[in-house]
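A.B. asks: The working numbering applies: residue -15 is where the sequence shown begins, and numbers increase by one.
Beta carbons: idealized from backbone N, C-alpha and C, even for Gly.
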Amino acid sequence: MKTKEKKINRVEEWLSVAVLIAILILLSYQVIMRFVFHNTNSWSEELARYLFIWLVYLSASYAIYKNAHIKIDAVKNLYPKKIRKYIPILGNLIFLVYAVVITVYSCGYCMDIYASHQVSMGLGVMMAYMYASIPVGHALMSLRLIQLTYKMIKNPDLEETTEAEEVMEMLEESNEGGIK
């Protein structure tokens, strides 16, 4: 059960990596076509732009899983020590309400775009597929927020360490012996 759960938890990570590689290939192709062959096309730039939008939403969901979104820790210190550990849970619940509302409204918007049969200029692909990144991304964020909040409620004494904090600590440690 644990290995299956771990594989599911890494879906956004692997999708984000695949989309980022695709963007790099597309943009490299565009640069080579423009500067080496003096010929351009519109579809590669447009596809890279749409993939970038999908990448942002997938990465935002993954950042929630890793608890790596930007937070203001100083505000948490304004509250009494007894309730400080519950402030991040409250923040997650507010974020969850936002994500659910955006998911619901953007689904309706995507359906309207699908019904209007809008097509992208360069690719000729229905724009509803491009706009689908908004409800899909926010739905994934909602699921990750529920997962993270459950983890915080289950282990309220769990120290909040994020990947970003770990990187900053490593940088500070490496800089202590270096240049001052």
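Taking Cβ positions, are Arg126 and Ala83 nearer each other than 8 Å?
C.D. replies: Per the sequence shown, the amino acid found at residue 126 is Ser instead of Arg. Contact: yes.
A.B. asks: Going by CA-CA distance only, name the one from Gln102, Ala116 and Ser117 that's closest to Met185.
C.D. replies: This structure cannot speak to residue 185, because the chain is shown only from -15 to 164.
A.B. asks: Assuming the contact rule is C-beta atoms closer than 8 Å, Ser26 and Gly106 should be a hit. Round their C-beta distance to whole Å, please.
C.D. replies: About 4 Å separates the two Cβ atoms, so the contact holds.
A.B. asks: Would you kindly work out how many angstroms separate the C-alpha atoms of Val85 and Ile16, rounded to a whole number?
C.D. replies: In a straight line, the C-alpha of Val85 is about 43 Å away from that of Ile16.
A.B. asks: Quick one: grab the DSSP three-state call for Val103.
C.D. replies: In the structure shown, Val103 sits in a strand (DSSP, three-state: E or B).
A.B. asks: Leaving out five residues on either side along the sequence, give the residues of the same chain with a beta carbon under 6 Å from the beta carbon of Ser28.
C.D. replies: Same-chain partners within the cutoff: Leu10, Tyr13 and Gln14.
A.B. asks: If I measure Cβ to Cβ from Thr24 and keep anything under 8 Å in the same chain, skipping five residues before and after, which residues do I get?
C.D. replies: Taken in chain order, the residues that qualify are Gln14, Met17 and Arg18.
A.B. asks: Using DSSP's beta-bridge definition, name the partner residues of Met17.
C.D. replies: BP columns for Met17 are empty, so no partner.
A.B. asks: Tell me the DSSP bridge mates of Met110?
C.D. replies: DSSP lists Val103 as partners of Met110.
A.B. asks: Please identify the residue among Glu30, Phe36 and Leu31 whose C-alpha is closest to the C-alpha of Gly121.
C.D. replies: Comparing Cα positions, the closest option is Phe36.
A.B. asks: Which residues in the same chain have their Cβ closer than 6 Å to the Cβ of Ser117, if we skip the five residues on either side of it in sequence?
C.D. replies: Excluding residues within five positions, the ones whose Cβ falls inside 6 Å are Ile37, Trp38 and Tyr41.
A.B. asks: Under 8 Å by Cβ, that's how I've got Ile130 and Leu80 pegged, so tell me the actual separation to the nearest angstrom.
C.D. replies: Between Leu80 and Ile130 the Cβ distance is about 7 Å, and since that is below 8 Å, they are a contact.
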